[in-house]
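Asker: Just so we're aligned, residue -17 is where the sequence shown starts under our numbering, counting upward by one. Built from N, CA and C at the ideal position, the CB exists for glycine as well.
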Amino acid sequence: MSIANHPDVVVIGGGILGCSIASYLSQQPGLTVTVIERGGLAEQTTSQAAGLLTRIRPSSGLTVLATETFEAIDRLEQDAGTPLPIQRAGSLQVAASASGQCQLDILALRAAEFGRQTEWLDNSEAEKLAPWLALGEGARALFLPDDGYIDPYALCMAYARAARRNGVRFLLHHEVTELVGSGERVTGVRLSTGDTVQAGLVIDAAGPWSTALARQKGINLAMAPIRSHYWISAPHPRMANGGPMTILPDSGAYARPEVGGLLFGLRDSRAVYARPDTLPDSLHGYRFDVDPTGNEALEAGYSAFQHQCQVLEELTLAHYISSISSYTPDSAPLIGAMPGVSGFLVATGCSGAGVGLSGGIGRLVSDLVSGQTPFVSLNDFRLDRFGPVDSFDATFIQRCAEARARKRSG
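1. So, helix, strand or coil for Pro258, using DSSP?
2. Drop a sphere of 10 angstroms on the beta-carbon of Gln290, count the other beta-carbons inside from all chains shown, and report buried for 16 or more, exposed for fewer.
3. In the DSSP output, which residue or residues are listed as bridge partners for Ile55?
4. For a minimum of 3 consecutive residues, which ranges assigned as the beta strand (DSSP E) are wholly contained in the stretch 23 to 92?
5. Can you have a look at Tyr212 and say buried or exposed, based on whether 16 or more other CB atoms are within 10 angstroms of its CB?
6. Name the residue from Gln380, Leu13 and Ala31 whose alpha carbon lies nearest to the alpha carbon of Ala206.
7. I think Val15 touches Ala4, with their Cβ atoms under 8 Å apart; what is that distance to the nearest whole Å?
8. By DSSP, does Met399 sit in helix, in strand, or in coil?
9. Determine the contact status of Thr330 and Gly189, defining contact as a CB-CB distance below 8 Å.
10. Going by CA-CA distance only, name the one from Glu166, Gly247 and Val76 that's closest to Gly120.
11. Would you mind stating whether Leu34 and Met227 have Cβ atoms separated by less than 8 Å?
12. Can you give the Cα-Cα distance for Gln60 and Gly336, rounded to whole angstroms?
13. Compute the distance between the beta-carbons of Gly234 and Arg252, then report whether it is under 8 Å.
14. Based on Cα-Cα distance, which residue from Ser333, Ser324, Pro370 and Gly334 lies nearest to Val351?
15. What residue range does the beta strand (DSSP E) around Pro134 cover?
16. On the premise that Ala32 lies in contact with Gly243, defined as a C-beta separation below 8 Å, what is that separation, rounded to the nearest angstrom?
17. How many angstroms separate the CA atom of Ala256 from the CA atom of Ile208?
18. Consult DSSP for Tyr347 and reduce its assignment to one of helix, strand or coil.
19. Enumerate, from N- to C-terminal direction, the unbroken alpha helix (DSSP H) stretches of 4 or more residues contained entirely within the stretch 244 to 332.
20. In chain order, what residues of the same chain have a beta carbon less than 7 Å from the beta carbon of Ser215, not counting five sequence neighbours either side?
21. Indicate the three-state DSSP secondary structure (helix, strand or coil) for Glu157 in the structure shown.
22. How should Glu281 be labelled, buried or exposed, when 16 other C-beta atoms within 10 angstroms of its C-beta is the threshold for buried?
23. According to DSSP, Gln180 sits in a beta bridge with which residue or residues?
24. In the DSSP assignment, find the unbroken alpha helix (DSSP H) run with Arg386 in it and report its ends.
25. Could you give the residue range of the beta strand (DSSP E) that holds Ala206?
26. So, at 7 Å on beta carbons, what are the nonlocal neighbours of Met(-17) in its own chain, with the 5 sequence-adjacent residues on each side left out?
27. Can you tell me which of the three DSSP states Arg364 falls into?
28. Can you check which of these residues, Glu278, Ser340, Leu124 and Glu240, is closest to Gln85 by C-alpha distance?
29. Sort Ser348, Lys389 and Arg367 by Cα distance to Leu47 and report the nearest one.
30. Residues bridged to Val162 by DSSP?
31. The beta strand (DSSP E) with Arg197 in it runs from where to where?
32. With a threshold of 7 Å on Cβ separation, who are the neighbours of Ala93 within its own chain once the five nearest residues in sequence on each side are excluded?
33. What first and last residue would you give for the beta strand (DSSP E) that runs through Leu117?
34. Would the stretch -9 to 4 and the stretch 128 to 144 be scored as touching if the rule is three or more Cβ pairs under 8 Å?
35. Taking contact to mean 3 or more Cβ pairs, one atom from each stretch, closer than 8 Å, check whether the stretch 366 to 375 and the stretch 183 to 202 are in contact.
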């Protein structure tokens, strides 16, 4: 493919955010858009995500973004005439601790505010939905039937197909090495081939690699590359009939069925992270210096998870998936422009929720590009909301890692 010639917008990154943004931008008449990706589409963090889709989030702004993702999925299915591999099995939130049950109560109240259905289940009802669960005395279970999970690769490709149908160009296997411009204005990007692509606007949606790019213009993105990982068991009879995904705040775990087995993730109690300037071009096969196999994290979280998973000792672990999530100190994404820098927008820092927020982020960025009033307030996602930070500083990176350790939602 020839190098793009001065599109209105260049989107850096062909993951789920870049493709979602492109699909929404493609709906603006006359706007020319080019997506530039170092490898192939959805090859990096997107392909390694667990694909959880929860509508009700810790804040109203995040809930609005997540709701738009479900609406985007419905539109993508309708426009293509084929269903996406989404499991609309709901989510089950289970807690016995006072803090965990408080989280469930808040979740139920927020769901009511947004008109979403919830149902409190007794132990037998919850364990019927998820036969591997062990609720225990005093536990409460909240079921949200409108949630689900999806193959993130398939969703990303659906966004990309929609964008292509509307004329978006995809420049794959081309690496952006530099933001070009004069003064405080970005006017395009330079590729590893030496070619320059001029554009009216550049959008940095490069996931954990966004930080190094933005730093070229003196922008320190308030996020860090933090380990996110999960395990998948071999098939087990208790998972044969599928079921909802389950969020377990007491043990800092989540789980869902996966091809007859159980997929489960555990929050790291020990911070495991990387520096933004040490990331390889590909995350496949990448291992962190600390606990590279995940065994320490599994041992640390095993006892608490076992109390809630009655079949854990019966499971044979077949796969371990370790990747990177870009976490901010408050676990909310970074979206928009940095004051003082023109021609440049950022959409990153999704803190493990990129798949679930993808539609909302795509729509919000499209609103910013068009100049219309954003469909959701930008205040919670501003790039400068933490004040000055050094995204390469170990203390700041540790702060972001602690945000992941505190996370108890899906």
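Answerer: Judging by the given coordinates:
1. helix
2. buried
3. Looking at the DSSP assignment, Ile55 forms no beta bridge with any residue, so it has no partner.
4. 73 to 77
5. buried
6. Per the Cα distances, Gln380.
7. The pair is a contact, with the Cβ atoms about 6 Å apart (cut-off 8 Å).
8. Residue 399 is absent from the model: the chain starts at -17 and stops at 392.
9. yes
10. Val76
11. yes
12. 23 Å
13. If you check the CB distance, Gly234 and Arg252 do not come in under 8 Å.
14. Ser324
15. Pro134 -> not in any beta strand (DSSP E); alpha helix (DSSP H) instead, spanning Pro134 to Arg147.
16. Actually they do not touch by this definition, with Cβ atoms about 13 Å apart.
17. 7 Å
18. Note on identity: in this sequence residue 347 is Val, with Tyr being the wrong assignment. Val347 falls in the helix class under three-state DSSP.
19. 277 to 290
20. Gly243, Leu244, Leu297, Thr298, Leu299 and Ala300
21. In this structure, Glu157 counts as coil in the three-state DSSP scheme.
22. By the neighbour-count criterion, in which 16 or more other beta carbons inside 10 Å mark a residue as buried, Glu281 falls on the exposed side.
23. Beta-bridge analysis with DSSP links Gln180 to Gly170.
24. Ala376 to Arg388
25. Residues Ala206 to Ser215.
26. With a pLDDT of 44 at Met(-17), under the threshold of 50, the modelled position of that residue is not reliable, and the figure given next carries that caveat. Only Leu153 meet the Cβ criterion.
27. Three-state DSSP puts Arg364 in coil, outside helix and strand.
28. Leu124
29. Ser348
30. Gly170
31. Annotation for Arg197: no beta strand (DSSP E) segment contains it, though the alpha helix (DSSP H) segment containing it runs Ser192 to Arg197.
32. Ile38, Thr100 and Leu126
33. From DSSP, Leu117 is part of no beta strand (DSSP E); its letter is neither H nor E.
34. yes
35. yes
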